[in-house]
Amino acid sequence: MREVSASPPQLVNSWNEWDPLQEIVVGSADHAAYEPTEPGHRPQVRARPGQPAPPFPSGPKPLDTIERANHELEGLVALLESRGIVVRRPDPYEFSRPLRTPTFEVDSQYCATCPRDVLITIGNEIIEATMSRRARYFEHLCYRRLVQGYWSEDPNARWTVAPKPTMADSMYRTEFWEWSMSQRYEAMHSFEFCISQDEVVFDAADIARLGRDILVQESMTTNRAGIRWLARHLEPRGLRVHPVHFPLDRFPSHIDCTFVPLRPGLVLTNPERPLHEQEARMFRDGDWQLVDAPQPVLDERDMPLHCQSSKWLAMNVLSLSPTTVVCEHHEEPLHELLDSLGFEVLTVPFRSVYEFGGSLHCATWDVRREGGCEDYFPHLRHHQAPGA
Ligand code: ABU
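In the numbering used here, the protein residues as written are 55 to 442.
This is the structure we're talking about:
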């Protein structure tokens, strides 16, 4: 009798931000350190009214801060597992260690709380981002065992490591941090930020996936060479890479607090950071709804003292399916909006994670969702690839 061989498991498959979620990596706050000052990042303590901001701390984060964040991350893990989703976690890494390469040095590293910044699944391919900050150069190591496992067990999985930039001084514009408001206003309309345009640089969290169409935000963490690299890599596979810009965002970093696709035809948008008029056309012409998020519950000045992200972490939601979204527990105006749009809204407290770089979308990396590569913008079929 002929033996029937079982088909190999498909472990790596995710084409968009919303299809039913099957497997995900949730970050960890273990061994996190305060992010160091470096040419691509100037962390600051949030000044409270009438008080000068103290210097930003350095070294390992306090244990109670780490425990509070880990408790909330565990809450997310429990919620996902209760929904039948497989959850994996990163390996420990001592982030308070200094780092020295032939082209740069930093006194400490950061954390493994935000896998979204480091890795992205596009179909059957895992791409490790170049990263843009020195303290995050080796963050991918926390996920290498997992990536290696997916690659070994799923014969169709592709694994791509984007070229590592030098992160030498020449990769950065240090003067960016000193620009006056008028200089910044001018620069933000030509989309010049703290990284120069010579080397290939991108963080994975500047990418949003909509099936065949991939949006990539030009930002403080992704430059035009990074977008060209992604276009040359992905477009031969039939995908369309669209550079996107949010001209009113003076410090853009990661697209997932600005433009959050929730299901085919619907994007949650940031009312203070509208998409460039010309780039919005593909959505208008395709009859997509762009719905503004409500103002977050926390004002900028009420955000955690050491959090370097904006109040818009409120809209950094994680989709479990086209009808179910996980939101931060306190963001009731957003819950109401999503409920009115027909979503089942699940919530977990997550504010203690904020100072580790993000909220629910940032703190996760989806490896497998149901579904395949759909064309949600058929009117773009004559789209020309951007100058590659
Ligand atoms: N890591 C996401 C931060 C984006 C923002 O501050 O708006």
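For each residue, glycine too, the CB sits at the ideal point set by N, CA and C.
State the start and end residues of the unbroken beta strand (DSSP E) segment that holds residue i.
i: P315; result: F313 to R317
i: M373; result: The residue you asked about is not Met; residue 373 is Ser in the sequence shown. Where S373 is concerned, the enclosing beta strand (DSSP E) stretches over L372 to S375.
i: E398; result: E398 to V402
i: R294; result: R294 to V298
i: I281; result: From DSSP, I281 is part of no beta strand (DSSP E) but of the alpha helix (DSSP H) over R278 to L288.
i: D346; result: Q343 to D346
i: Q76; result: L75 to V80
i: D420; result: T418 to R423
i: P338; result: The identity of residue 338 in the sequence shown is Arg, whereas the question assumes Pro. Here R338 belongs to no beta strand (DSSP E); instead the alpha helix (DSSP H) covers R335 to D339.
i: C168; result: Counting along the chain, C168 falls outside any beta strand (DSSP E), and DSSP gives it neither H nor E.
Mind checking whether residue i and residue j have CB atoms under 7 Å apart?
i: R405; j: E77; result: no
i: C168; j: A417; result: yes
i: R317; j: P387; result: no
i: Q271; j: I309; result: yes
i: P297; j: E71; result: no
i: P111; j: Y147; result: no
i: A222; j: T157; result: yes
i: T275; j: S363; result: no
i: L200; j: R142; result: yes
i: Q163; j: A132; result: no
i: F300; j: R327; result: yes
i: G177; j: W283; result: no
i: L392; j: V399; result: yes
i: R227; j: S250; result: yes
i: A83; j: F313; result: no
i: C361; j: Y430; result: no
i: I261; j: L293; result: no
i: L359; j: S413; result: no
i: F397; j: V379; result: yes
i: R96; j: W231; result: yes
i: I174; j: A258; result: yes
Could you tell me how far apart the beta carbons of residue i and residue j are, in whole angstroms, since I believe they sit closer than 8 Å?
i: P219; j: E253; result: 4 Å
i: V172; j: P90; result: Wrong, their Cβ atoms sit about 18 Å apart, outside the cutoff.
i: V402; j: E135; result: At roughly 12 Å, the Cβ-Cβ gap does not stay under 8 Å, so V402 and E135 are not in contact.
i: S224; j: F247; result: Not a contact, Cβ separation roughly 16 Å.
i: P209; j: P348; result: The pair is not a contact, with the Cβ atoms about 46 Å apart (cut-off 8 Å).
i: E385; j: V351; result: 6 Å
Indicate, with yes or no, if the ligand ABU has a heavy atom lying under 6 Å from the CB of residue i.
i: W366; result: yes
i: H85; result: no
i: H415; result: no
i: S363; result: yes
i: H308; result: yes
i: G81; result: no
i: G412; result: yes
i: C311; result: yes
Starting from residue i, trace the alpha helix (DSSP H) in both directions and tell me its first and last residue.
i: Q237; result: M235 to S244
i: H389; result: E386 to S394
i: Q271; result: No alpha helix (DSSP H) contains Q271, which is instead part of the beta strand (DSSP E) from D267 to Q271.
i: T119; result: L117 to S136
i: E207; result: R198 to E207
Using the DSSP secondary-structure output, state which residues sit across from residue i in a beta bridge.
i: I261; result: V270
i: P114; result: A87
i: E92; result: H95
i: D429; result: G265
i: I449; result: Lying before the first or after the last residue shown, residue 449 is absent from the chain, which here runs from 55 to 442.
i: S68; result: G177
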